[in-house]
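A quick write-up on the structure given underneath.
6 protein chains.
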Amino acid sequence: MRENRLRTVWARGGAIVNGWLAIANTFSAEVMAHQGWDSLTVDMQHGVIDYQAAAGMLTAISTTGTVPVVRVPWLEDGILMKALDAGAYAVICPMINSVGDAERLVAATHYAPMGRRSFGPIRALLYGGQDYPKHANETIIVFAMIETLQGLDNLEDILRVPGLDAIYIGPSDLSLALGCTPAFDELDPPAAEAVEFVIAKCREHKIVAGIHNGSAEYALKRIGMGFQFVTIGSDARLMAAGSQQVLAAMRAGLESGN
Amino acid sequence: MRENRLRTVWARGGAIVNGWLAIANTFSAEVMAHQGWDSLTVDMQHGVIDYQAAAGMLTAISTTGTVPVVRVPWLEDGILMKALDAGAYAVICPMINSVGDAERLVAATHYAPMGRRSFGPIRALLYGGQDYPKHANETIIVFAMIETLQGLDNLEDILRVPGLDAIYIGPSDLSLALGCTPAFDELDPPAAEAVEFVIAKCREHKIVAGIHNGSAEYALKRIGMGFQFVTIGSDARLMAAGSQQVLAAMRAGLESGN
Amino acid sequence: MRENRLRTVWARGGAIVNGWLAIANTFSAEVMAHQGWDSLTVDMQHGVIDYQAAAGMLTAISTTGTVPVVRVPWLEDGILMKALDAGAYAVICPMINSVGDAERLVAATHYAPMGRRSFGPIRALLYGGQDYPKHANETIIVFAMIETLQGLDNLEDILRVPGLDAIYIGPSDLSLALGCTPAFDELDPPAAEAVEFVIAKCREHKIVAGIHNGSAEYALKRIGMGFQFVTIGSDARLMAAGSQQVLAAMRAGLESGN
Amino acid sequence: MRENRLRTVWARGGAIVNGWLAIANTFSAEVMAHQGWDSLTVDMQHGVIDYQAAAGMLTAISTTGTVPVVRVPWLEDGILMKALDAGAYAVICPMINSVGDAERLVAATHYAPMGRRSFGPIRALLYGGQDYPKHANETIIVFAMIETLQGLDNLEDILRVPGLDAIYIGPSDLSLALGCTPAFDELDPPAAEAVEFVIAKCREHKIVAGIHNGSAEYALKRIGMGFQFVTIGSDARLMAAGSQQVLAAMRAGLESGN
Amino acid sequence: MRENRLRTVWARGGAIVNGWLAIANTFSAEVMAHQGWDSLTVDMQHGVIDYQAAAGMLTAISTTGTVPVVRVPWLEDGILMKALDAGAYAVICPMINSVGDAERLVAATHYAPMGRRSFGPIRALLYGGQDYPKHANETIIVFAMIETLQGLDNLEDILRVPGLDAIYIGPSDLSLALGCTPAFDELDPPAAEAVEFVIAKCREHKIVAGIHNGSAEYALKRIGMGFQFVTIGSDARLMAAGSQQVLAAMRAGLESGN
Amino acid sequence: MRENRLRTVWARGGAIVNGWLAIANTFSAEVMAHQGWDSLTVDMQHGVIDYQAAAGMLTAISTTGTVPVVRVPWLEDGILMKALDAGAYAVICPMINSVGDAERLVAATHYAPMGRRSFGPIRALLYGGQDYPKHANETIIVFAMIETLQGLDNLEDILRVPGLDAIYIGPSDLSLALGCTPAFDELDPPAAEAVEFVIAKCREHKIVAGIHNGSAEYALKRIGMGFQFVTIGSDARLMAAGSQQVLAAMRAGLESGN
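Protein chains in written order, with my numbering: chain A, 1 to 258; chain B, 1001 to 1258; chain C, 2001 to 2258; chain D, 3001 to 3258; chain E, 4001 to 4258; chain F, 5001 to 5258.
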């Protein structure tokens, strides 16, 4: 089975720089995959992307060595299994608030006896190889999102659930849950402390931690704190930010030109 | 009929800042339309976009005041008419090399007696208003691309073809045609001179000139030269360039961190 | 944030005339949006429409002032959040049978502390404006469908759930649940009485009530009863009914012509 | 090979009542096909429909006995052949202005020795049957649109081109070409006379004539004049007209209710 | 209402030969439907197919007499109802492990009073006929997949749930659940015994049994054992297997040719 | 620039085994690409495939080392350029009947000074590499289809057109043109002789020859004759043929079982 480069990099203590896809398009996914991101996450939760589009995007990512990841919309067995069958090498699942949630997530994403993932890795066989069924359980990576008070309260127990590989933090949701303003980088103190709590506990339990960032600068800080999976920007954000830069330069130039 | 803001801005001597769309997606078109571009061009020639996708993108652009433009793949009556029926307020047509080409372009894009555009402005009625049929001939804008030696040779005659509103230059193609290296901004001398020749002749014949650019800096120079329609970047390029910036910052930070 | 015209009209005691979309197409949604409906509901439950198509249709509706509404297929957090992120200003949720269902519906559709809607209003920001996150909880409208005996039994408690804005009745489902023949307008007595019970209780609790209708005549009756949101027809039904009229006229004409 | 019911009905002197599709959707095409239209035309010229969508719509029509017709965007061999390969039993081709145009149309739509249609009836074999290649030339129907002065001038010669089965008139385009206001039914005198000229010549040469109409009333008049293929309405128009009726009734009712 | 040929064949003791669709495409579904399969199952669980594609494929199957079946991704009310509304005449539901699961499956797929299927058979009316609502409960077929130890343990109780028509076995999943290697035909003894247990119990309770097979040879064996619904191959597998045969012949020929 | 393995194999005298795609789907293209075909041709002429689908299929093929080829619908500059921009490494163009046709084909597919291909290799840069513009003219392969009497008459002159790399024969079309029954393998004598004439002349002018086949057996014969590019089967045909085998086995088994 094709290696999961996330595991390889993590094993040597390195960090993964992850890009984010919110546009349902095969070509834009392929463009992003050629930029050199370690991994790319197809966001089926907040991106404007459903399963059919996601499947094509995973194919587009597979034209390169970039690792394909999917964030599913919700903790639902059907879509978790479909994302893996379509060839995702990691899934990020929102709203893991309890040991029960974490166990259900692990069950849905691993074949028996570890779980109850249904058998039919239709595109995963093409991407991973014919021995995918044998090695999938140890190769695939499962991220649980901690984004509620309840999730924080249960964090240590969640981290002990066998089969869970990593935690992922969406700072906006965590901020909202703690009564703070949603933000990516500079968080209100309670949210900032929660982030530190999570990374500390992850290190303690030897579970990888990942986090969303608004800038490279902050992503580097997060790596400094111990995060091994950092997301920066997204296809749509980069496009909008680039447009803003161009348009600001044009406005400035046109005004000074008068 | 809804005004064509390109005409309004040009009438007062201003320049249009045009964005470019190469990704076949309604959402990314809508994101781009919200950034403040004066107009957006759906590129059916070199973009990964066909008619069906283009029609949805024109709808997405119509959620804002940005003017919808289409570059058609080729001088073919069928697609020119379909682009206008779908609500494009301007069309850019490649490879206008002779008076005959220019006349065919005008004929395909104007209703009788000015041309032979077939009647059926199905989405254009929604976008332009119920009086679209009466005013379309004077409202719609037609750009001819000059991108060959033959086109340069015939330029003055082309500029005299009634109904042609504007010229558009793709510096890469013009460079290739003149035996130069394809480039967007800093052109080889023969290509640079050809650009100056085109703008001079356009001004002489009171025809608007437009050009593709690689940067805001160069677009401003082009406006200074008299161009009134400048394209900078594209959805896919901005996304790729933004990714490169982020990834370079990450690599630099990670290396210095060691 | 862009106002929700449903709230504005309701606040002054008026009624909303709502159209219905069952065809997964951007152009037909745009045609419908230009007809003057106060709101249009993209029906993801019984329409032949999934999320990806719905997102494009919301864009098409956004070319006009018509308010975009989505009926989700089921009470599932993932799709409720995706519909709102895609820019729906109201959601209609089937099968709210208990206070628990209603609370879950409110939780999924409101940001903390009112609920647990996940943060990522990707297209909603474009449609609603940059301050969408601040005002979404008070702007978005949530309809609960009452369509079972259990729902009727629990109606008063459901109406007291904070954050629930409105009730929606599908007369066919309500009829079925009460052992009556499914119908839109002329209902069997038990169903007719149930409708009266619902509108009476809604008025008592100052909750808006909405209902599906087969004709304008009946929709007007429902408004007379106090309903403030009336649906009539659908894209597919109007198309079929119009075809029937034309074909009947043709048959009659051709027969009399012999 | 499956019979072409257009030929059967015409052979006994009858007229075909044809519906029109402008919405690129399989479900709406299937709804229309179930209403009882003799034939349905997928309009790739002015409809918001490209080839891929058209192919699915032909499949949808094939769930019924309604005869599938395609109007191509333009006289281009590629799309004429693709429309037939996809299972169209008749094609309507715009802008046949000369004998040369008509001959090219016949050549593109018939196998050798009658024409030069390329061999590969991929979906036509499914729809028509395994003996499609043998009988296609005599079964498929080709309509030429007469919509310019030049076309009217050359009409008699065009009607003599072997392999051409029928003429189709778009009254709007014919009106425009004659300097009249585009209209469907009540035409300005020059356009009305041109219609009479066309039907007279068609009868003389025993070529079927078809025409677009805005109402059943007018379609019946046209049949009275000798037309054997009458189009009325379209999916999008019927939907819009139905909406206008409902909304007018609602406005009237609401106003009188005050 | 159109008959369900599955019921007809089963009533006379016969077996259904079922094909399988994993490719999200209308044309390939139509090709498969013309091959003569008794029924075709659109696999939304492990196929690369979502709802929107499935709906078009059901239309494609409806061009023939082949019975349209859908395997849903999971036991979720929303998708079960959408599959039936889109015209599926049978649904196969994964992971029915308990009486509660089976009851929920029956409830979601039958109208009141038998269940709580929501009313809106939008495409089913076209396919089944206008009297679909009256007869759907007795016509539609519901398969429960038994694929876990828990499901085997509860089999007899599951078989007694009124409204459940049939059991479907995926040998791979059953094998995995029993600690065996996933396989289609030659199963490890525990899995083979489980298959025999299921068929024996189904016969006892007069419930139809269906099973997935890797070859015609094995499907015939399964029919011999009493199975009345046998699946063989899939669009994607047949295409891949056919390619392998061709490529092996080419390699052999080219080598021997040297 | 990524090598074109067609050139490499041909240079050493070898033959390419080419598969054929008629189904517009990313996943089925990816399945086919993983079977080991040397190249795969996306058939935009007779396949049910348009440009947008083709672009995604080229991406799917790019997940493997299989060489991506496109057959365009017709000799039209627009689609030839779009196919190359989308990353096709070879194009097959129908109906090359004269030197003029061949010259136009070469012009449309090569950058100046060799031709007039417009500059914008949007996906080709991703697939071929950043130096694509420099090497495309020598890397891309252009096939001309000889399928008419006129084409046969002009063959020698066509073979002398600089920039033309290969000839492709569709035996069905060639048969039709010569008054023979359309067939793949066993051709009527005039068609068989024409095939021999073409291969003889190709060898004489050192131009590669390719041909469509119905079976591996025949493809091997064609290689023996000197053809260096042989197509066998297609996704849809393999699927249909595999279904026929399975269904025949089932029928035989069921009959003998009685």
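Glycine is no exception: its CB is placed at the ideal position from the N, C-alpha and C atoms.
Query	Result
Considering Cα atoms alone, identify which of A:Phe119, A:Leu105 and A:Ala252 is closest to Phe4184 (chain E).	A:Phe119
Within the 7 Å Cβ cut-off, does Glu1030 (chain B) reach chain C?	yes
State whether the region 2199 to 2206 of chain C contacts the region 1238 to 1247 of chain B, with contact taken as three or more CB pairs (one from each stretch) at a distance under 8 Å.	no
Cα separation between Ser4100 (chain E) and Ile4141 (chain E)?	In the sequence under discussion, the amino acid at residue 4100 (chain E) is Gly, which differs from the Ser named in the question. Their Cα atoms are separated by approximately 18 Å.
Please go through the region 2029 to 2064 of chain C and give each complete alpha helix (DSSP H) segment of 4 or more residues, from N-terminal end onward.	2051 to 2061
Between the alpha carbons of Ala2236 (chain C) and Lys2221 (chain C), how many angstroms are there, rounded?	24 Å
Please confirm whether Gly1087 (chain B) has its beta-carbon closer than 7 Å to some beta-carbon of chain C.	no
Check whether the Cβ of Phe1143 (chain B) lies closer than 7 Å to any Cβ atom in chain A.	no
What residues match up with Val1072 (chain B) in a beta bridge as DSSP calls it?	Answer is none; Val1072 (chain B) lacks a bridge partner.
Please state whether the Cβ-Cβ distance between Val4161 (chain E) and Ala4083 (chain E) is less than 7 Å.	no
Indicate the three-state DSSP secondary structure (helix, strand or coil) for Glu5138 (chain F) in the structure shown.	helix
Which residues in the same chain as Thr5109 (chain F) place their Cβ atom closer than 7 Å to its Cβ, once the five residues preceding and following it in sequence are excluded?	Leu5080, Leu5084, Val5091, Gly5115, Arg5117, Ile5140 and Val5142
Taking CB distances under 7 Å as the criterion, tell me whether Ser1062 (chain B) reaches chain H.	In the structure shown, chain H does not exist; the protein chains are A, B, C, D, E and F.
As a quick exercise: from E:Tyr4051, E:Ile4169, E:His4046 and E:Ile4122, pick the residue whose alpha carbon is nearest that of Ala4219 (chain E).	E:Ile4169
So Ile1158 (chain B) is in the alpha helix (DSSP H); what residue range does that whole segment cover?	Leu1155 to Leu1159
Per DSSP, which one or two residues make a beta bridge with Tyr1218 (chain B)?	Paired residue(s): none; Tyr1218 (chain B) is not in a bridge.
Pull up the CB-CB distance for Val2048 (chain C) and Leu2021 (chain C), whole angstroms please, since I reckon it's below 8 Å.	So it is not a contact: roughly 10 Å between Cβ atoms.
I want to see whether chain F comes within less than 7 Å of Leu126 (chain A), judged by CB atoms only; does it?	yes
Indicate the three-state DSSP secondary structure (helix, strand or coil) for Gly3019 (chain D) in the structure shown.	strand
Relative to the C-alpha of Leu149 (chain A), which residue among C:Ala2029, C:Ile2146, C:Ile2016 and C:Ala2112 is closest?	C:Ala2112
Quick check on Phe1027 (chain B): buried or exposed, where buried means 16 or more other Cβ atoms within 10 Å of its Cβ?	buried
Could you say which of F:Met5044, F:Tyr5051, F:Asp5173 and F:His5046 lies nearest to His1046 (chain B) if we only look at CA atoms?	F:Tyr5051
According to DSSP, simplified to helix, strand and coil, what is Thr5148 (chain F)?	coil
Can you list the residues of chain F that Gln4035 (chain E) reaches, using a CB-CB cut of under 7 Å?	Ala5240, Ser5243, Gln5244 and Leu5247
Any C-beta of chain A sitting closer than 7 Å to the C-beta of Met1250 (chain B)?	yes
Quick one: grab the DSSP three-state call for Ala3090 (chain D).	strand
Along chain B, in chain order, which residues have C-beta atoms closer than 7 Å to that of Ala5112 (chain F)?	Leu1176 and Ala1177
Please give the ranges of any alpha helix (DSSP H) in the region 191 to 249 of chain A, keeping only runs that are unbroken, at least 4 residues long and fully inside the region.	216 to 225
For a contact defined as C-beta to C-beta under 8 Å, what are the partners of Tyr3051 (chain D) on chain F?	Asp5050
Taking the beta strand (DSSP E) that Tyr3168 (chain D) belongs to, which residues open and close that run?	Ala3166 to Ile3169
Quick check on DSSP: helix, strand or coil for Phe4027 (chain E)?	helix
Which value, in whole angstroms, describes the spacing of the CA atoms of Met1001 (chain B) and Gly1129 (chain B)?	5 Å
Let's see if you can read the secondary structure: which residues bound the alpha helix (DSSP H) around Ile79 (chain A)?	Asp77 to Asp85
Within the continuous alpha helix (DSSP H) that includes Leu4178 (chain E), where are the two ends?	From DSSP, Leu4178 (chain E) is part of no alpha helix (DSSP H); its letter is neither H nor E.
Starting from Thr2066 (chain C) and walking both ways along the alpha helix (DSSP H), at which residues does that stretch end?	Element bounds for Thr2066 (chain C): n/a, residue is neither H nor E.
I'd like to know whether the C-beta of Asn1018 (chain B) is nearer than 7 Å to at least one C-beta of chain A.	no
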